Each structure stands twice: as structure tokens, then as C-alpha cells.
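Under the numbering used here, think of the first position of the sequence shown as 6, with each following residue one higher. Quick reminder that beta carbons are idealized off the backbone N, C-alpha and C, glycines included. All of these numbers come straight from a predicted model, not from anything done at the bench. Before any comments, here is the structure.
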Amino acid sequence: MTTRATTLEVVRAPLGLTELLLPNQVAEHLLGHPADARERIFIRILGARHLLQAVILLMAKDRIAHRIGAVVDVIHAGTMVAVAATDPRRKTSATVNAAIAVVFAGGETR
6 MTTRATTLEV
16 VRAPLGLTEL
26 LLPNQVAEHL
36 LGHPADARER
46 IFIRILGARH
56 LLQAVILLMA
66 KDRIAHRIGA
76 VVDVIHAGTM
86 VAVAATDPRR
96 KTSATVNAAI
106 AVVFAGGETR
């Protein structure tokens, strides 16, 4: 495991914890309004995924796990691009999420 990967997971874990515990604040920051019930669920699911992924990758001893993590992030980025293209209301949050996922994916492959 590289120092860069460790740093990445140290950033990913608090992001996930924040999304899991404070979905309204995350939505207000990204969207400018509190999350509706559906948005809260999705923000919390994403937060749990980020937190779990960070823990798994911090414990991983090989690069394969980090490459799998990168694939998960690329898939997430792709789904967010699709959401941004089809849902004007969620375009901003989906675009931000896609960008974050691309950064994480890039970091996992180094």
C-alpha cells in the first residue's frame, strides 16, 4: 500500500462518515437546500460505501484491492454522469459526485 493510497483513504473515511451521519448538511452544501427523504437515503448509502471502502482499502496489503476500489469509483462516476445528464434537479450534486469519484479512482491506481 502506498502513502498516496493511505492518504486517499484517510480523506475518504471522514467523507463517508459525514455523508452517513449528516446527509442534510451535505445536501445543503452541494445543492443549497436540505435533502428530501430520497436524497438522504442515497447520501447515507454513498457514505456507508465510502466508509466501508476506506476501511477495506486501509487494511489491504496489495494493489489489487486498490484497483478494485478504483473500478468501484469509476462505476460510481459513470452512474453519476448518467444522473447528471437525465435529472436537471440533481445535475449539480451528480456532477460533484462524479468528479470526486474520478479523483478517488485516479488515486487508487497510482
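Could you give the distance in angstroms between the alpha-carbon of Phe47 and the alpha-carbon of Leu36? If you take the alpha carbons of Phe47 and Leu36, they lie about 14 angstroms apart.
For Ile80, count neighbouring Cβ atoms within 10 angstroms of its own Cβ and tell me buried if that reaches 16, exposed if not. So Ile80 ends up on the exposed side.
Which class does Leu57 belong to by DSSP, given the choice of helix, strand or coil? It is helical.
Rounded to the nearest angstrom, what separates Ala90 and Lys96 at their Cα positions? Cα to Cα, the separation comes out at about 7 angstroms.
Could you work out which residue in Ala99, Ala106 and Val107 is closest to Ala32 when comparing CA atoms only? The option with the nearest alpha carbon to Ala32 is Ala99.
Could you give the distance in angstroms between the alpha-carbon of Asp92 and the alpha-carbon of Thr84? C-alpha of Asp92 to C-alpha of Thr84: approximately 12 angstroms in a straight line.
Cα-Cα, which of Gln58, Ala103, Arg54 and Ala53 is closest to Val86? Closest option to Val86, Cα to Cα, is Ala103.
In three-state DSSP terms, what is Leu27? Annotated three-state conformation of Leu27 is coil, per DSSP.
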